[in-house]
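J.:
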Amino acid sequence: MSSAQTVEDVFDKYTSVGQLGMTVTNFGVLGNGWNQIDGRILPSCQYKQHTEILREQIEHFSFSGLWIGGLVNGERRVSTSIVDGVFESDQEGFEFFANSNISIMSSISSTAEDSMAQYFSPFAVSHQDFITEYKDYGDTPEDDLG
2 MSSAQTVEDV FDKYTSVGQL GMTVTNFGVL GNGWNQIDGR ILPSCQYKQH TEILREQIEH
62 FSFSGLWIGG LVNGERRVST SIVDGVFESD QEGFEFFANS NISIMSSISS TAEDSMAQYF
122 SPFAVSHQDF ITEYKDYGDT PEDDLG
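Spelled out as structure tokens, the structure:
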């Protein structure tokens, strides 16, 4: 954990609504590299998620990361959550770090039998929203953490 990071990394949440199963982290990485988490392999980017036919359960990538770029005072700046070839959290190459846990919200409120109903929020925009914050530097951009 970075000295500026105040929350633990979350890497065991994944989409369970619809046919696309994707692991989401609070440090900008999608997927889990097909690593076991608590004895289970969560979907990295699996389509079709809800099928009994194994050949239909296709994983499309192991890891993916957010890439953000822009111009600051005419200078190009880029941050990415993962560098190619980095597969373990203790390796260098992860630029973003967790700034909050992952909260889940859902627009589903119709029945208590639906597993997403427990996450109902009038502020949700879909059946399953993941909300988190992360950043690529510490308290200030000059603190040499990014």
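Here the sequence shown is numbered in the numbering used here, starting from 2 and rising by one per residue. Even glycine gets a Cβ: it sits at the ideal position worked out from N, Cα and C. Since the structure is predicted, the reported quantities are computational estimates derived from the model, not experimental observations.
So, with DSSP's three-state summary, where would you put Ala125?
T.: Here the question's residue 125 lines up with position 124 in the sequence shown. When DSSP states are grouped into helix, strand and coil, Ala125 belongs to the coil group.
J.: Distance, Cα to Cα, Lys49 vs Ser80?
T.: Against the sequence shown, residue 49 aligns to sequence position 48. Against the sequence shown, residue 80 aligns to sequence position 79. A direct Cα-to-Cα measurement between Lys49 and Ser80 gives close to 31 angstroms.
J.: To the nearest angstrom, how far is the alpha carbon of Gly147 from that of Met106?
T.: Numbered from its first residue, the sequence shown carries residue 147 at position 146. Numbered from its first residue, the sequence shown carries residue 106 at position 105. With a pLDDT of 45 at Gly147, under the threshold of 50, the predicted position of this residue should be treated as unreliable, though the coordinate-derived value follows. Approximately 30 angstroms, taken between the alpha carbons.
J.: Going by Cα to Cα distance, which pick from Ser110, Ile69, Gly29, Cys46 is closest to Thr35?
T.: Against the sequence shown, residue 35 aligns to sequence position 34. Strictly speaking, residue 35 in this sequence is Trp, with Thr absent from that position. It is Cys46 whose Cα lies nearest to the Cα of Trp35.
J.: If contacts are defined as beta-carbon pairs under 8 angstroms, then Ala118 and Asp10 qualify, I think. What distance do you get, rounded to the angstrom?
T.: Along the sequence shown, read from residue 1 onward, the residue named residue 118 stands at position 117. Along the sequence shown, read from residue 1 onward, the residue named residue 10 stands at position 9. Not really, about 28 angstroms apart at Cβ, beyond 8 angstroms.
J.: Would Lys136 be called buried (16 or more neighbouring beta carbons within 10 Å of its own) or exposed?
T.: Taking the sequence shown and counting its residues from 1, one reaches residue 136 at position 135. Its Cβ being crowded by 16 or more others within 10 Å, Lys136 is buried.
J.: Is the beta carbon of Glu134 closer than 8 angstroms to that of Ser101?
T.: In the sequence shown, the residue the question calls residue 101 occupies position 100. In the sequence shown, the residue the question calls residue 134 occupies position 133. Yes, they are a contact pair.
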